[in-house]
Amino acid sequence: MTNNVADHHPGNSVAEGSHEGDFGCSMVELRNLMELRSAEAVARLNDSYGGVQNVCKRLKTSPVEGLSGNPTDLEKRRQVFGQNFIPPKKAKTFLQLVWEALQDVTLIILEIAAIISLGLSFYHPPGGDNELCGQSTGGVEDEGESQAGWIEGAAILFSVIIVVLVTAFNDWSKEKQFRGLQSRIEQEQKFTVIRKGQVIQIPVAEIVVGDIAQIKYGDLLPADGILIQGNDLKIDESSLTGESDQVKKSMDKDPMLLSGTHVMEGSGRMVVTAVGINSQTGIIFTLLGAGEGDEEKKVKKAKTQDGVALEIQPLKSQEGVENEEKEKKKVKVPKKEKSVLQGKLTRLAVQIGKAGLLMSAITVIILVLYFVIDTFGVQKRPWLAECTPIYIQYFVKFFIIGVTVLVVAVPEGLPLAVTISLAYSVKKMMKDNNLVRHLDACETMGNATAICSDKTGTLTMNRMTVVQAYVGDTHYRQIPDPEAILPKILDLIVHGVAINSAYTSKILPPEKEGGLPRQVGNKTECALLGFVLDLKQDYQAVRNEVPEEKLYKVYTFNSVRKSMSTVLRNGGGGFRMYSKGASEIILRKCTKILDKNGEPRVFKVKDRDEMVKKVIEPMACHGLRTICLAFRDFPADAEPDWDSENEILSDLTCIAVVGIEDPVRPEVPDAILKCQRAGITVRMVTGDNINTARAIATKCGILLPGEDFLCLEGKEFNRLIRNEKGEVEQEQLDKIWPKLRVLARSSPTDKHTLVKGIIDSTVGDQRQVVAVTGDGTNDGPALKKADVGFAMGIAGTDVAKEASDIILTDDNFTSIVKAVMWGRNVYDSISKFLQFQLTVNVVAVIVAFTGACITQDSPLKAVQMLWVNLIMDTFASLALATEPPSESLLLRKPYGRNKPLISRTMMKNILGHAVYQLTIIFTLLFAGEKFFDIDSGRNAPLHSPPTEHYTIVFNTFVMMQLFNEINARKIHGERNVFEAIYRNPIFCTVVLGTFAAQIIIVEFGGKPFSCSGLTLSQWFWCIFIGVGELLWGQLICTVPTSHLKFLKEAGHGITKEEIPEEELPEDVDEIDHAEMELRRGQILWFRGLNRIQTQMDVVYTFQTGASSLQGALRRQPSIVSQHHDVKNVSSPTHVALSSVNSTPTTSAVAAAAASPPAGNQSGECVP
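Under the working numbering, the first residue of the sequence shown carries the number 71, and numbering increases by one thereafter.
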């Protein structure tokens, strides 16, 4: 459509500026207009406004030139119509975070114990001096004691406060980081608008009402607008309406474009009519009170069926990322089941907690019984009323000792270690070009067993250049000399490339002197434009002659067509169409070809086969993409039917075939080798033809000579895996995927099918963990289905980024390898921490337990225990969780889903060190006074000052922990525990800092810490015993783990219903039969649950989506399996421990009920 510019006053000339901001329509009118759809909207546009051209007039903008970009004018528009920015939800205040941290069960138990202890220390019961109440176990009440009594309670409270503050600070900084990250994403998100006739890119937040925006395939619309000119525009509006069918947009049928929707096909221009909170997305947000907690979750969940329609908001609204954080805690997001590590940790924590409770209960019972029997049985005292408070006090003292045991048993440092480790990794991964959107993706990556990568831009440089051409019966192996090509052919090439490509693709001069010219827009088109420039022609002149408005019809490129065509009206009344596309597709539609004289000659099937053999295959075998340029003239007499594409795209005349090279990134072969060494299979999934794909895969090292790997084309792949009805058969797929390395000419659906097939597969002993890279809009479903989705930061469309977990800011495959390294590192860090923490726990619990039972008083006092447990562990988690990754992490196979957190080797270390420490401590406890020649601390009268004896026990204990922390740096039985220790300054600081703090506590801690100063020689003995830990560690290393069959592993992966009974881990001999029975029971129970849930989901689908069900069923052969995907019950612990108030089943049902009665139940929004 041509826009006649003559009747347009140029946008906002100065004369107009004087009209006090009175635009021809108000914000409210425009808002109401945008709420209409299709025919209604067209009618209202024409009746009230006289068409879209008049809307532009009223908004004082020109459809061709755009706004003038004058700052006062832009400011005025912002005041009248608002700015394009949805205010974020207020961040949680520090106090709220503190309150959340206080909800921890362990901490609550501690607080209660501390408060009781504090209260009792200030309470002096009457009748305390009554002889008859007995002094059986040394009186609790005494001057010195009553003064120091409150210290214990206070110290417990103090340590609780520290833990809470650390946790809250951690959450707060994490939230801050996410907001920073969010605003970074926001600033990076730009959109193309026209101002002063220039096409420029501005940040989304700067778009104002009246701007003319250019929209194209892959965009996420940043504001509401009305279409001014469009080519074949199709929009996915499922994020607003829930309808997964793509909506065709055109001037005469439905010109309304809404923010937050995705352009799936075509291109065009729109005039912006509503921004920010007045746009359709903004209105939804304000209804939710910028996300008032729960309703928002419901709306979100309703929209998050398995398609591309992820969140309502576009990437830019700040809600997105923080909500993901909250959402992980509150709602079971259908994204994926709980991450591997979380599942294992939760189970481990529960197991440890149970053991701790048991121990503390036994301790309390023994103490109480001992006291009761001793007082009332042995000494035969009567129970006197006035003695009751004293007895109660005894019982409270026992309760506190019990709580101390429990506190020691529960690894408080664990949640902290995980958080620190993940937060630290995410921060560092930013430096390695990985922008992590979901925290747990980082750790899942460490378990990855397969990576399905795109070719273009990830494995290759995405800098395309034409290196060969076939023109006029001649195959040129390099760019031909312009003289060698006939002028009329040259003219066709120039026109065919300049006009039949998006006008947003262009080649700009290099940024630095002597650099390569910059390619802007679609890289393949840039290669062709570069070809035109190499032929010493100017494409810009042609474009100036034929502006975009003069294009009569455009068939834009999409993944189904794999070609693009543009129709021009000739002066004489006929039409000419230029086409370009994948050579095998275009050549099939050619009936003529230009010979060396530039005359068309007949092009038969056998000619085509010969050309494929002689020209196209040799090009493809060099790893070139072949693109064919063609044209067709339509006579003037009758206008063809432009909608019947097959007829239009036939009878073409081939102008030329060019071979485009996209060189492999130099660092990729090395990175792929690392992956293969690390036990990760790299597969290439590409839209290119099979020869090109094979050539590039060989260059990258994905295909190795002499191996029988499969390379398939999409068609062949589908033929092999689908049954007669066209449904995917998992058994068939299982035969193919283990060998498959290259999938060429694949559609987005194929990519999704492959990823889903690998994930659901039960071949092999482990469930596969799949990472996928994608950049196109059509990769959305595969990115969401994968365990970890990587989107390209530079080439990726907004849709892809929205569906991804990690954004690669440099689009480089090597960054994925870095992500694997970091992921494995997180896993190892947490194992290191566990190894350290559990040794401390085992020893402390046994010491506290036996000590309490034998001497009625724990040798390690509550405050000392807390120092060891809370403070040291917090710091240890900091020290061990921030170990930087090393290349050696990539030399082992992935751990897999059901490899236990605590391996046999670690168990050997934990128990081995525990034996050493317990031996030393009990020796010191019962014979230490003789060895050091000091007074015994056992059975000292109650108010006596702290003894040297017990101080030595405490000090030695801490020294052993310190040196064991160094041992904990290695978990696979390596001997050199000091390796690369200087690379981790945090670790060194923590160890030295703890040591210094320990000196201060012992020398100056006095009464609160029950310590008395030690002499130098005593200190040396303590340190010497500590160093013994390192030597003992070497000794433990020499004991081969394989001989210790009796050691159990702990912290297994979740036995999901995905792991059938027959396939329990290979080391079945370690699992005793009872445990197997238990697992089997669990599996069956979960299967049952899952079945019921799936059935409920289906019923709900039928109820809510009855109207659109036919569509749903037509699109998706198995609605059930889709649902099965979305909501997998994750694990036994999830049901019990997640903070969701309802079980997953009910929340799933709620989600189904809350979702709009629409067809998005079935999920796939594949173009």
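Cβ atoms here follow ideal geometry from the backbone N, Cα and C, with glycine treated the same way. What you are looking at is a predicted structure, and each value in this text was computed from that prediction instead of being measured.
*Please state whether DSSP places Q1104 in a helix, a strand or coil.*
helix
_Taking its Cβ as the centre, do 16 or more other Cβ atoms sit within 10 Å of D281, making it buried, or is it exposed?_
The residue in question, D281, is buried, as its Cβ has 16 or more Cβ neighbours within 10 Å.
*Helix, strand or coil at A748 [DSSP, three-state]*: coil
*In this structure, does DSSP put I277 in helix, strand or coil?*
Correct three-state label for I277: coil.
*To the nearest angstrom, how far is it from the Cα of A865 to the Cα of V910?*
About 50 Å.
*Would you mind sorting D1003 into buried or exposed? The rule is 16 or more other CB atoms within 10 Å of its CB.*
exposed
*Using a Cβ-Cβ cut-off of 6 Å (strictly less than) and excluding sequence neighbours within five positions of G693, which residues of its own chain qualify?*
T762, A765, I766
*Compute the Euclidean distance between the alpha carbons of M647 and K795, then round it to the nearest angstrom.*
39 Å
*Apart from the five residues on each side of it in sequence, which residues of its chain come closer than 8 Å, Cβ to Cβ, to C596?*
M534, S575, K576, I577, Q589, V590
*Can you grab the Cα-Cα spacing for the pair I924 / K467, in whole Å?*
Whole-angstrom Cα-Cα distance: 16 Å.
_Given this structure, state the Cα-to-Cα distance separating A293 from I422, to the nearest angstrom._
Those two C-alpha atoms are separated by around 53 Å.
*What are the boundary residues of the alpha helix (DSSP H) that D873 is part of?*
In the sequence as presented, Asp is not what sits at residue 873; that position holds Ala. Where A873 is concerned, the enclosing alpha helix (DSSP H) stretches over 868 to 873.
*Delimiting residues of the alpha helix (DSSP H) encompassing Y986*: 974 to 1002
_What would DSSP say about M334, mapped onto helix, strand or coil?_
strand
*Any chance you could list the beta strand (DSSP E) runs of at least 3 consecutive residues sitting entirely within the segment 854 to 928, in chain order?*
858 to 862, 876 to 878
*Sub-7 Å separation of V536 and F627 beta-carbons*: no
*Within this structure, are the beta carbons of G642 and A706 separated by less than 7 Å?*
yes
*Taking three-plus beta-carbon pairs below 8 Å as touching, is the segment 742 to 752 in contact with the segment 681 to 700?*
These segments do not touch.
*Identify whether L437 lies in helix, strand or coil by the three-state DSSP scheme.*
helix
*asked:* Once DSSP output is grouped into helix, strand and coil, what is the label at C457?
replied: helix
*Between the beta-carbon of V755 and the beta-carbon of C1058, is there less than 7 Å?*
no
*asked:* Does the segment 1015 to 1029 come into contact with the segment 1068 to 1083, if we say contact requires no fewer than three beta-carbon pairs (one atom in each stretch) closer than 8 Å?
replied: yes
*Report buried or exposed for N614, applying the criterion of at least 16 other Cβ atoms within 10 angstroms of its Cβ.*
exposed
*May I ask which residues mark the beginning and end of the beta strand (DSSP E) holding P670?*
670 to 672
*the segment 1054 to 1071 contacting the segment 991 to 1005, beta-carbon criterion three pairs below 8 Å*: no
*asked:* Once the 5 residues before and after L144 are set aside, which same chain residues still bring their CB inside 6 Å of it?
replied: V278
*Run through the segment 570 to 600 for me and flag every whole beta strand (DSSP E) of 3 or more residues, listed as ranges in chain order.*
Runs of the beta strand (DSSP E) inside the segment 570 to 600: 576 to 578, 588 to 590.
*Counting Cβ pairs closer than 8 Å, one from the segment 556 to 573 and one from the segment 631 to 639, do we hit at least three?*
yes
*Would you please state the rounded distance, in angstroms, between the beta carbons of Q1068 and V1097? I believe it to be under 8 Å.*
About 15 Å; that fails the 8 Å criterion.
*Between I656 and A700, is the Cβ-Cβ spacing less than 7 Å?*
Result yes, Cβ atoms of I656 and A700 sit closer than 7 Å.
*Apart from the five residues just before and just after L1207, which ones in its own chain have a Cβ nearer than 6 Å to its Cβ?*
Unreliable positioning characterises L1207 in this predicted model, as indicated by a pLDDT of 38, which lies under 50. The coordinate reading is nonetheless provided below. If the five residues before and after L1207 are omitted, its C-beta is found closer than 6 Å to the C-beta atoms of T416, all from its own chain and listed in chain order.
*Buried or exposed for V234, please, with buried defined as at least 16 other CB atoms from any protein chain shown within 10 angstroms of its CB.*
By the Cβ neighbour-count rule, V234 is buried, with 16 or more other Cβ atoms within 10 Å of its own.
*Could you check if T131 is buried or exposed, using at least 16 other CB atoms within 10 Å of its CB as the buried criterion?*
buried
*Check N301 in the structure and name its three-state DSSP category.*
strand
*Just the C-alpha distance for E1136 and A518, rounded to the nearest angstrom, thanks.*
Note on E1136: pLDDT 36, under 50, position unreliable in the model; the coordinate value appears next. Between E1136 and A518, the C-alpha separation is close to 20 Å.
*When you compare only the Cα positions, how much space is there between K785 and R815?*
8 Å
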